[in-house]
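Letter by letter, the sequence shown follows residues 213 to 349 in the working numbering.
Note that the Cβ used here is the ideal one computed from N, Cα and C, for glycine as well.
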Amino acid sequence: PNLFLGRNIEKRSGAQLRAKEKVTTHFGAATLEHAFFENLNGRILARYGIRLYNPNFSQRDTHFWTIGPHLKWNITPSLEWFLGYHFERGLAKGRNSETLKDDVSYVNHYMSSELEWRPGLATSIGLAFHYERNLFT
213 PNLFLGRNIE KRSGAQLRAK EKVTTHFGAA TLEHAFFENL NGRILARYGI
263 RLYNPNFSQR DTHFWTIGPH LKWNITPSLE WFLGYHFERG LAKGRNSETL
313 KDDVSYVNHY MSSELEWRPG LATSIGLAFH YERNLFT
């Protein structure tokens with residue numbers, strides 16, 4: 213809550229002064245899981261939320277939603293592979309403002325793949341690849 217993002221130029225007052233930019237995010241999530249086989253599980257994640265900025269930047273208040281599938285494959289008892297993808301869409305309150313021109317609406321693509329090996333009860337070794345792309349609209 214109230215995460216400090218840094219000093220930024222505020223546009224609401226028209227003075228174009230540098231001000232502290234802060235944001236608080238609230239969201240809810242739901243998952244639906246299914247075992248396709250004994251060693252293959254799937255999950256769908258859905259989220260909906262809002263990011264609320266401090267008053268100087270309230271045109272950036274953003275409603276967002278996320279959806280994405282995840283797979284977990286137990287290749288052997290000691291080797292697992294995870295694969296996941298998220299699509300997220302965020303729409304800012306001030307996206308249609310002609311005077312502020314401060315649209316932070318976005319589309320986000322996030323993909324991850326992880327391989328985890330457990331050679332012993334208290335040891336695991338993982339190799340992961342994460343890719344994220346933000347497209348501001």
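Same chain, Cβ closer than 6 angstroms to residue i, five either side skipped, listed in chain order
i, result
"His275", "Ile262 and Leu303"
"Glu245", "Arg255"
"Ala241", "Arg259"
"Ser324", "Gly296 and His342"
Cβ-based burial, residue i [other Cβ within 10 Å; buried from 16]
i, result
"Arg230", "exposed"
"Gly332", "exposed"
Alpha-carbon spacing of residue i relative to residue j, whole angstroms
i, j, result
"Ser270", "Tyr322", "26 angstroms"
"Trp329", "Asn253", "18 angstroms"
"Gln228", "Arg345", "30 angstroms"
"Thr349", "Ala340", "29 angstroms"
CB-CB length for residue i against residue j, believed under 8 angstroms
i, j, result
"Asn251", "Trp285", "6 angstroms"
"Arg234", "Asn220", "Residue identity differs from the one stated: residue 234 is Lys in this sequence, not Arg. Wrong, their Cβ atoms sit about 10 angstroms apart, outside the cutoff."
Backbone secondary structure at residue i - three-state DSSP
i, result
"Pro267", "helix"
"Arg272", "helix"
"Val319", "strand"
"Thr351", "This structure leaves residue 351 out entirely; the chain is present only between 213 and 349."
"Ala334", "coil"
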